[in-house]
Amino acid sequence: MKTRAAVAFEAGKPLEIVELDLEGPQEGEVLVEIMATGVCHTDAFTLSGDDPEGAFPAVLGHEGAGIVREVGKGVTSLEPGDHVIPLYTAECRQCEYCLNPKTNLCQKVRATQGKGVMPNGTSRFSYKGEKILHYMGTSTFSNFTVLPEISLAKVRKDAPFDKICYIGCGVTTGIGAVMFTAKVEPNSTAVVFGLGGIGLNVLQGLRLIGARQIVGVDINPAREALGKQFGMTHFVNPRDHDDLVGHLVELTGGGADYSFECIGNVDVMRDALECVHKGWGESVIIGVAPAGAEIQTRPFQLVTGRVWRGSAFGGARGRTDVPKIVDMYMDGRIDIDSLITHKMPLEDINKAFDLMHEGKSIRSVVEF
Ligand code: NAD
Ligand code: DAO
Ligand code: ZN
Ligand code: ZN
885 MKTRAAVAFE AGKPLEIVEL DLEGPQEGEV LVEIMATGVC HTDAFTLSGD DPEGAFPAVL
945 GHEGAGIVRE VGKGVTSLEP GDHVIPLYTA ECRQCEYCLN PKTNLCQKVR ATQGKGVMPN
1005 GTSRFSYKGE KILHYMGTST FSNFTVLPEI SLAKVRKDAP FDKICYIGCG VTTGIGAVMF
1065 TAKVEPNSTA VVFGLGGIGL NVLQGLRLIG ARQIVGVDIN PAREALGKQF GMTHFVNPRD
1125 HDDLVGHLVE LTGGGADYSF ECIGNVDVMR DALECVHKGW GESVIIGVAP AGAEIQTRPF
1185 QLVTGRVWRG SAFGGARGRT DVPKIVDMYM DGRIDIDSLI THKMPLEDIN KAFDLMHEGK
1245 SIRSVVEF
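All residue numbers for the sequence shown refer to my numbering, where the first residue is 885 and numbers rise by one.
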């Protein structure tokens, strides 16, 4: 079949809207009509050429929602008409990672996904006879895409695609880091560094579990009002403090129970660790630092009981947890609408990248 898609032909160049050839789903695969997709920093990072794993030409996009149109042989958990959210972290429920409750990093399709191909080693996309790669196992910048069955979360049919697509990455990453990775207890104190598309979702995750003090840190003063809307109790602009860590330790009465780094800056990661409480404070790294960057602290910070963790996709097991997050949105327990600042058709997708680079959007959503 043919499908309209925004293709990254080369690193550093705008996406091009073209009509691709798409082969139907093979064994264990599903054809999905993407109805809406968010544009995330990771897409921009890959498009820039800075992503060491980035390969071209490819159909980027990993934050989508859509409808199953066809299933391949052996697919048992989905049927045409089901509403789904693509998962860049699959959940096979059988590999040693899925069977270990300590992780969400299913490895079943990881190797081929990283190479931009389906589990059998081939791509379903082509253009004028040339192969086009998949991306993150999802390729949601295409009106139709093919994914492994285990890379799709089935969700309720009354949820709006243009909002729940954001659950495919940003919302789950932020809320999940609080609920699944840190397992923050009610009445805790927390500091969140970086109040963008991820950090604002960490804030609302903390509000949801009943944290008593939620400090937001951002160099952009405009993020204060938005942060307060998402549960932040105190705002700190690092530019107002020579000793940021000292100020945060004082503000939280000796250090926070938890902190979250949602920027991808290794210096901030250090501050995030060092502002948590001696003896029990835990700091979660969510931000993705530039290739080759390294973190630093004095080991005594860890000897004296502080803990450093990382979180990918919020520690969520996609097929199990994503439908629950959709329910949370539909029940009015989390706000997604206020974070979707821009919407556009596929033809204007490059504007979404411009808005992101200019810091003017929280999330842009493309509707097909
Ligand atoms: P964003 O650009 O929307 O937000 C970043 C915020 O940090 C902005 O508000 C900016 O003003 C602020 N900031 C920048 N430098 C700062 C500093 N020195 N001190 C304080 N604030 C500062 O980005 P985002 O979409 O929220 O993504 C954040 C990070 O999360 C990125 O690195 C992204 O790649 C990563 N990410 C990780 C996962 C995961 O699973 N771990 C998933 C998605 C995104
Ligand atoms: O299993 O080795 C692995 C990799 C899992 C990928 C996790 C992705 C984490 C962050 C990337 C940002 C996603 C938008
Ligand atoms: Zn698995
Ligand atoms: Zn993302």
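The beta-carbon is built from N, C-alpha and C at its ideal position, and this holds for glycine as well.
task: Report, in whole angstroms, the separation of the C-beta atoms of Gly1052 and Val1076, which I expect to be a contact under 8 Å.
output: Taking 8 Å as the upper bound for CB-CB distance, Gly1052 and Val1076 are not in contact here, some 21 Å apart.
Backbone secondary structure at Glu975 - three-state DSSP: Collapsing the DSSP output to three states places Glu975 in coil.
message: Rounded to whole angstroms, what is the Cα-Cα separation between Val1152 and Glu1069?
response: 24 Å
Lining residues of ligand 4 - beta-carbon closer than 5 Å to any non-hydrogen atom, in sequence order: Near ligand 4, meaning a Cβ closer than 5 Å to any of its heavy atoms, lie the following residues in chain order: Cys924, Thr926 and Cys1053.
message: Can you look up Phe1261 in the DSSP assignment and give me helix, strand or coil?
response: Shown here, the chain extends from 885 to 1252; a query on residue 1261 therefore has no answer.
- request: Could you check which residue in Ser961, Asn984, Gly922 and Lys1041 has the C-alpha nearest to that of Leu944?
  value: Gly922
Range covered by the alpha helix (DSSP H) that runs through Ala1109: Arg1107 to Gln1113
query: Does at least one heavy atom of ligand 2 sit under 6 Å from the Cβ of Ala1196?
result: yes
query: When DSSP labels each residue in this structure, what does Ala1200 get in the three-state scheme?
result: coil
query: Name the DSSP bridge partner or partners of Ile969?
result: Ala1037
Other residues of its chain near Leu1186: CB distance less than 8 Å, five sequence neighbours each side excluded: Trp1192
- prompt: Unbroken beta strand (DSSP E) runs of length 3 or more, entirely within the region 913 to 964: which are they?
  reply: 913 to 923 and 947 to 955
- prompt: Is any heavy atom of ligand 3 found at a distance shorter than 6 Å from the C-beta of Tyr981?
  reply: Yes, since a heavy atom of ligand 3 falls inside the 6 Å radius drawn around the Cβ of Tyr981.
field: Helix, strand or coil at Asp1205 [DSSP, three-state]
entry: helix
- request: Report yes if the C-beta of Lys986 is less than 6 Å from at least one heavy atom of ligand 3; otherwise report no.
  value: no
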